[in-house]
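Undergrad: Those protein sequences? They're chains A and B, same order as listed.
Quick note: the first sequence uses the working numbering, first residue 1, plus one each step.
Quick note: the second sequence uses the working numbering, first residue 1, plus one each step.
Where a beta carbon is used, it is the ideal one built from N, C-alpha and C, also for glycine.
Number of protein chains: 2
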Amino acid sequence: MSDVKRVYAFREGDTSMKFVLGGKGANLAEMTRLGLPVPPGFTITCQTCVEYYGAGKRFPDGLEEEISRHRKDLEEQMGKRLGDAKDPLLVSVRSGAAFSMPGMMDTILNLGLNDTSVDGLVEQTGNSRFVWDSYRRFIQMFSKVVLDAEGDLFENALTAMKQARGAKSDTDLTAEDLKELVAQFKDIVSDHVSADDFPELVENGKVVFPQDVEVQLREAIEAVFRSWMNDRAVLYRKMHKIADDLGTAVNVQTMVFGNKGDTSATGVAFTRNPADGTKEFYGDFLTNAQGEDVVAGIRNTEPILDLKTVGGLEKAGEQLEGVFVTLENHYRDMCDIEFTIEQGKLWMLQTRIGKRTARAALKIAVDMVDEGLITREEALLRIDPEQLDQLLHPQFDSTAEYDVLAKGLNASPGAAVGEVVFSSEDAVSEAEKGRKVILVRWETNPDDLAGMVAAQGILTSHGGKTSHAAVVARGMGKPCVCGAEALRIDVEAKTAHVGGLELHEGDIISIDGTSGIVVQGSVDLVPPSVSGEFDTILSWADEARTMGVRANADTPEDAKLGREFGAAGIGLCRTEHMFLGDRKDIVQSMILAEDEPTRDEALANLLRVQTEDFLGILEAMDGLPVTSRLLDPPLHEFLDDPRSLDIEIVRMEMSGGDPAAISAKRKLLHRIDAMAEHNPMLGLRGCRLGIVYPEIYAMQVRAITAAACELKKRGKNPMPEIMIPLVSVVAELEILRAETEEAIAKVIDSTGVEIDIPIGTMIELPRAAVTADEIGAVADFFSFGTNDLTQTTFGFSRDDIESKFLPRYLERKVLPRNPFETIDSGVAELVRIGCEKGRQANPNIKLGVCGEHGGDPESVKVFFGMGLNYVSCSPYRVPLARLAAAQASLAGKAEASDNR
Amino acid sequence: MSDVKRVYAFREGDTSMKFVLGGKGANLAEMTRLGLPVPPGFTITCQTCVEYYGAGKRFPDGLEEEISRHRKDLEEQMGKRLGDAKDPLLVSVRSGAAFSMPGMMDTILNLGLNDTSVDGLVEQTGNSRFVWDSYRRFIQMFSKVVLDAEGDLFENALTAMKQARGAKSDTDLTAEDLKELVAQFKDIVSDHVSADDFPELVENGKVVFPQDVEVQLREAIEAVFRSWMNDRAVLYRKMHKIADDLGTAVNVQTMVFGNKGDTSATGVAFTRNPADGTKEFYGDFLTNAQGEDVVAGIRNTEPILDLKTVGGLEKAGEQLEGVFVTLENHYRDMCDIEFTIEQGKLWMLQTRIGKRTARAALKIAVDMVDEGLITREEALLRIDPEQLDQLLHPQFDSTAEYDVLAKGLNASPGAAVGEVVFSSEDAVSEAEKGRKVILVRWETNPDDLAGMVAAQGILTSHGGKTSHAAVVARGMGKPCVCGAEALRIDVEAKTAHVGGLELHEGDIISIDGTSGIVVQGSVDLVPPSVSGEFDTILSWADEARTMGVRANADTPEDAKLGREFGAAGIGLCRTEHMFLGDRKDIVQSMILAEDEPTRDEALANLLRVQTEDFLGILEAMDGLPVTSRLLDPPLHEFLDDPRSLDIEIVRMEMSGGDPAAISAKRKLLHRIDAMAEHNPMLGLRGCRLGIVYPEIYAMQVRAITAAACELKKRGKNPMPEIMIPLVSVVAELEILRAETEEAIAKVIDSTGVEIDIPIGTMIELPRAAVTADEIGAVADFFSFGTNDLTQTTFGFSRDDIESKFLPRYLERKVLPRNPFETIDSGVAELVRIGCEKGRQANPNIKLGVCGEHGGDPESVKVFFGMGLNYVSCSPYRVPLARLAAAQASLAGKAEASDNR
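1. Taking the continuous beta strand (DSSP E) assigned at M762 (chain A), which residues delimit it?
2. Can you tell me the Cα-Cα spacing of V213 (chain B) and L181 (chain B), whole angstroms?
3. Which residue wins for smallest C-alpha separation from I44 (chain B), given the options B:M31, B:V4 and B:G56?
4. Going by other Cβ atoms of all chains shown within 10 Å of its Cβ, with 16 needed for buried, is L580 (chain B) buried or exposed?
5. Which chain A residues are close to M681 (chain B), counting only those with a beta carbon under 9 Å from its beta carbon?
6. Between the Cα of A881 (chain A) and the Cα atoms of A:V727, A:L631, A:F565 and A:G62, which residue gives the shortest distance?
7. Among A:D673, A:A553 and A:P680, which one has its Cα closest to the Cα of S628 (chain A)?
8. Going by DSSP in three states, R218 (chain A) sits in which element: helix, strand or coil?
9. Reducing DSSP to helix, strand and coil, say where I242 (chain B) ends up.
10. Along the region 826-838 of chain A, where does the CB come closer than 9 Å to a CB of chain B? Name the residues.
11. Apart from the five residues just before and just after D788 (chain B), which ones in its own chain have a Cβ nearer than 6 Å to its Cβ?
12. What's the gap between the Cα of K494 (chain A) and the Cα of E505 (chain A)?
13. Report the three-state DSSP secondary structure of F784 (chain B) (helix, strand or coil).
14. Whole-angstrom Cβ separation of D635 (chain B) and L669 (chain B), contact assumed at under 8 Å?
15. Keeping to the same chain, check which residues put their C-beta closer than 6 Å to that of S750 (chain A); ignore five residues upstream and five downstream.
16. Does H577 (chain B) come out as helix, strand or coil in the three-state DSSP assignment?
17. Rounded to the nearest angstrom, what separates G500 (chain B) and L487 (chain B) at their Cα positions?
18. Could you tell me the distance, in whole angstroms, from the CA atom of A470 (chain B) to the CA atom of C480 (chain B)?
19. Name, in chain order, the residues that DSSP records as bridge partners for D512 (chain B).
20. Three or more beta-carbon pairs under 8 Å between the region 383-391 of chain A and the region 456-463 of chain A, yes or no?
21. Going by DSSP, what residue range makes up the beta strand (DSSP E) through E502 (chain A)?
22. So F863 (chain B) contacts chain A; which residues on that side make the cut at Cβ distance below 9 Å?
23. Would you call the CB atoms of A738 (chain B) and P720 (chain B) closer than 7 Å?
24. State the DSSP-derived secondary structure class of G451 (chain A), mapped to helix, strand or coil.
25. Can you confirm whether S644 (chain B), when its beta carbon is compared against all beta carbons of chain A, has any partner nearer than 7 Å?
26. Using only the alpha-carbon positions, how far apart do L525 (chain B) and I511 (chain B) sit?
27. Around the Cβ of N273 (chain B), are there at least 16 other Cβ atoms within 10 angstroms (buried) or fewer (exposed)?
28. Could you give the distance in angstroms between the alpha-carbon of M1 (chain A) and the alpha-carbon of V93 (chain A)?
29. Against chain B, does L765 (chain A) count as a neighbour if the rule is that its beta carbon must be under 7 Å from one of theirs?
30. What residues in the region 728-756 of chain B bring their beta carbon closer than 8 Å to a beta carbon of chain A?
31. Taking Cβ-Cβ distances shorter than 8 Å, what residues in chain A pair up with L635 (chain B)?
32. Using beta-carbon positions only, say whether A223 (chain A) and G258 (chain A) come within less than 7 Å of one another.
33. In the DSSP assignment, the beta strand (DSSP E) including E721 (chain A) goes from what residue to what residue?
34. Where L373 (chain A) and V770 (chain A) are concerned, what is the direct C-alpha to C-alpha distance, given to the nearest angstrom?
35. Measure the C-alpha to C-alpha separation of N905 (chain B) and L883 (chain B) and round it to an integer number of angstroms.
36. Please confirm if the region 183-197 of chain B is in contact with the region 149-167 of chain B, defined as three or more CB-CB distances below 8 Å between the two stretches.
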């Protein structure tokens, strides 16, 4: 027998044991310690779940005995026994991982009821209807969760019974009706559950619903363990970057009942408003209901503030508000609470740090600093930078005119426009085709997760602000309108009626999760104006951080946006974007020119337009550095596709086209074919173009310098920097630096304006990283191009792998996550080597990152650890990066003081 | 004035000063020290040439004075003055770099003659014809080399004079004729040399041949400096991997004359036979000639052994043989000598370590060990492994029957078959089209270098074994037949007559450089049987080396060949080669299968044929390890080209083809297109295939294991190893190792044969190298795939860059050499990191290299330095690698003892 402790009574744990007892278990233990009214119980550790899988889905030796001891302990404490024929104890069996995964895993309620104890409970409660309802709920839930029976079978039987009895709702059914349903449910189990899957429950060749409460408990615990690896839980963890090997704890807790009549209730609440952060008690309750009824949105709920006004619930309502204050002061954060009132007595079933929208997170953090509850540093560390993205979602244009089609709850902020779809599958398949869709559902459930990811926004006709759709959408930062009751949805027909109108699949609607408004057709969206707390937090972040944040911007508009979001310059201005659009013709004539004059003319045209481009960008970033990267992509990217051209020629030939035209096309095709490459990513691009076609780089350098000189003449302070891409060998940079300096000098000579233009390089090839000691000696700055560096370090073509095998790799956990989103450890090692060697060669070298990782908070922390001077990212992600950089500084400080 | 010594008299230097005085200068100094008869002179250092370029092609300050001092010193020593009207001193001005670059740079003879000194020399020698001939030679050479005049202008004037006088050869012209030629030559200079280029020589608007001997000397020295950077010298250095920044020395030496009548002669000789290594005096001489006449092959030479039998040359001939012995004993190696006999007196003009064929190198090395002259270690270190390649060149099949068309000198061994071309340009352009050509020339000159590189072999009608063609071809290891006098070549008409036969451009001929035979048509070639010395040297190499050498082989035939060449196993057996040829159909049906049965059938077929393949290879390598790499290339490589298919479909459509057939083709096209990749090199290939299509790898593992089990049953000792390609993340190897072990176990279970199969991986991606500490923990061996590692480390697609920009990169010295031939330092750094981290994780890990670098001697030395266990290369390069490995060990030993 092992001497590992696998089971903890609630009184044995505390909130610090999250990774042992799971979040729910640790917080139940903490509330027990705080003296709050928690129904007693015990928790089986997360590590036991891991052991269960490690042993090939078997209980480790000794676990059964340990559970048994705790069960007996609980029975003694409660003075009741599970399955007792006189006064039975009922328990819930719930999952609870270290990180909250709402609704992803399984729960069984009312465990301990069987054909014997049901009578005992009737005797005890004198409420036979309630008891038989509990028994039928238990059988239904147990069968679905543990025995994997089809849930619809039970729902159908329930509906049929209601119809037969002319009952409007469940509560209209009598004890006798429910007793009959129990019998039907047991038959469903025998008829539909596979005997092969549950041999231990078979009698006379059929599965029999277990009467032995120990079997019930054991099977329920195992089912919770199994639910850790169900598809939606695995997907959820992938989305939220939660490791699979943490396991879930299992909480076995004495049942309390919110459905014992009008002095019973159940509810979910937050100590503050999780949507906007207002300091108010927030949440919903239902009288005479079990918890699942609230979350499932089956009945419409009442606001929590009304609880203390309901007859028979006043005392519990007052007590609950006291608990809110106790919890918030204890946890020093907004808490999320589940409670039940059983015949007037309040019971706390769960608490945890509450999820919130970005807007709420900011407001709560700033308010709590003002209230003296937390420090500024704590406030900064509490906000998930990734979440700020929500605030930067578009909103309805305030000047737009539209008719409101329906109004629901403002469940998750931001606005979205898209085509209506009525199922998760349709959302996924339409999104894959590149369409923007709004997922419209009666209410979502965990099976809808993939569709919610694929959709632009979510609209439901039922459920409150704590319903599944609302909670999950807020977590994702997706716009969501909930409980738009005017909507009557027919999933089969793929239509929805609202007023006199019929919406069909594919119709365009707009939703505003900030106001709860639903509009038919497309409403113009505008970028959001961010709140005062947003600026407050970011100004605190700017004080706390040491690493700079720049924006990647190729146009004056993006440059302005980046500046508004607090960018301290442009870290990457891609000049090839200036080669597209209406300039593509000029670029093509330059590439395909057959004589010098044609080529020179094209270059002169490009010089003219590029100078204009840089005037705009440098002016928008006046006084801040602008790093322009010289031409990077292979030239054939600007040419026609040879295959289409080839087919066009064949068609011309087959249809007797003009021989001269055909011949000209064929000649063009030959030239394009001659430029084609097997692996363009690894071909004639980047600085290789500069070596082979020096005139192109010279033109670009002239344009940058000329624009800067012109602005200087106008009294501005342009700060251009020139970046040579794709260097692998120091000689490339030596040659191109000399040519760049020469081109700059020529412009300076001709304009008479003095300007200093630093020249640096991208480090985006492994060879550049490992020879950075050579390259650093001739570079004023390095900018790590982690996109290409990831491609070459892994040997992954981003264009190919994301469709071809990356999904499979993530699924099989070959990779913990997409290395193009968050910097990979191997790629980071090369960045580290590059920084170290670059500084060896040139202690004054400026080091930055301009790959997309520069806007990924987790990667920003890695880069901070290497001592980079700045990160550069898309304008919209600049605020995230500022906050992430501040958090990295604070974490670094904390570490330093730990080491002191 | 600088205090650097830039000029050395011959008596001031010695052979150790090669990098200061150049090879020629250092050896002239050494011979002077040895008391051999060397015409006095002085040497301007190589570093001065570098200074000259550094200063923008200007003499450094003080050089002119230093040269002047040495000139005066030389004049005093000789008792004559340059340009003296009575008894003038004449000098030669010759290049001489640290590494021999025969014929690549310029030489000026007879410097010091002018209109005044010419009379003095006539007075001194009483040989007016000789003197005027010397003067016209000087003007001709100086004008061509220094003044950049077109050489043909002078040759044409000479030919016209001969025709006018009815002279058959130069020697038939009289002193008066030559005097007239001198006047004509001076006019040619004035008429054709650009006044802009030589303003210092201009009088009355025209360039005048300089009469001031100091000007002559200065201009000549500068011309030699300039010749360091002429095109052919640059190309030669690129081919021979000689750095451009070494510079050339300039030797100014008193002229002696081999053309002063019948008791004068000049010759070139080797102390042993440089073609086969026989211990015999070897070489040619010409009486009454200057040295250039021998090398240029203008007259046919006499063998050196006959020298002492020629009247008036007996004494000098005897003395020369004594010098041979002195030099060989002094240098302890075969020497290459240039000498001149002036009126019976022997003068040594040059010596150096002689170039030799690989066959000769082996024989000389083994003989000198036998003679007690050198040690085995010295013998091993003296042979250039790269040169061994020559010996592995094909020869005429000894059983072939053919008629000999012509016979020439066996100037460079090996046989070749190809189409006749008559110019270097044609050789290059035809070779670029993929044709095999034989370059047929009257005699080659340095301008023919590119053509010689492009040709399979070289055939000349003139010139001896020390002619340009012979020396250069031997250096290249190309077959060469020289002096096939029966051949009458008409370059203009592009024909050659031999006997009654006319050869045209494009006709096939075969040449055997080992026997000197020329055959019309194609003769079957066979691999050479290597000499006894080859085996002797390699057996010494095997004793000296510690690093193993394996072969890359995909067929039983290659495996056998590798074994014959001494491979200790197969380091890389590429299994995809087994997917080609008649198996491509099966492979296609596997890839495109739309149902399981079709796919399974294709896999079963592949299993059957792959098992046969491995039976053959494992049997051929019985008792030696065979590392098989599982499928590596992207699957679409086995499919039809989508563009061709698309065009085929369009043609079918336009011509009203069968709609069903069109539709089937279009469906196929969609499937092929869906598999296409932008960058196949970085796409779904290598172990990624194993993760996505586990059934393919499982089939291959089964085939390998089944073949091994079968051989074991037959009493053999197969030693298979399985290699997983393209791992970037340890999880890939973990998963595929587990699946491989499972597949092996299944075969072992079903056959009952026990076999241990090590499982390892390629390290061919930068990420694998930097995370080798993780990967090493699950690998039995690493094989560094330096081809792909070079591609990803540089971001170079080999398929693209070699045609697109590598030539430009080599030319601009962005790269010192092709990194796919010799391992690059940055790539080597990643290999080093990989080795170090791999050993950290697994001290018993076996480390090898199986890229093409494994057969490159220089790379082999780098790999030895990292402590790799083995290299693997193509069977033909196994001997080179064995020798290179031995040299690396010996160099390592020498270093270790130096450090002691």
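TA: Reading it off the structure:
1. I759 to I763
2. 21 Å
3. B:V4
4. exposed
5. H678, N679, M681, L682, G795 and S797
6. A:F565
7. A:A553
8. helix
9. coil
10. G826, V827, E829, L830 and I833
11. E764
12. 6 Å
13. strand
14. The amino acid at residue 635 (chain B) is misidentified as Asp; the sequence shows Leu. That pair is no contact at about 16 Å.
15. none
16. helix
17. 11 Å
18. 6 Å
19. B:A415 and B:I517
20. no
21. L501 to H504
22. Ordered by position in chain A, no residue passes the 9 Å Cβ test against F863 (chain B), which lies about 17 Å from the chain.
23. no
24. helix
25. no
26. 10 Å
27. buried
28. Below a pLDDT of 50, predicted positions are generally treated as unreliable, and M1 (chain A), at 44, falls in that range; no measurement from the model is reported.
29. yes
30. S728, V729, A731, E732 and I735
31. Ordered by position in chain A, no residue passes the 8 Å Cβ test against L635 (chain B), which lies about 11 Å from the chain.
32. no
33. M719 to I724
34. 49 Å
35. The requested residue 905 (chain B) does not occur in the structure, where chain B is confined to residues 1 to 900.
36. yes
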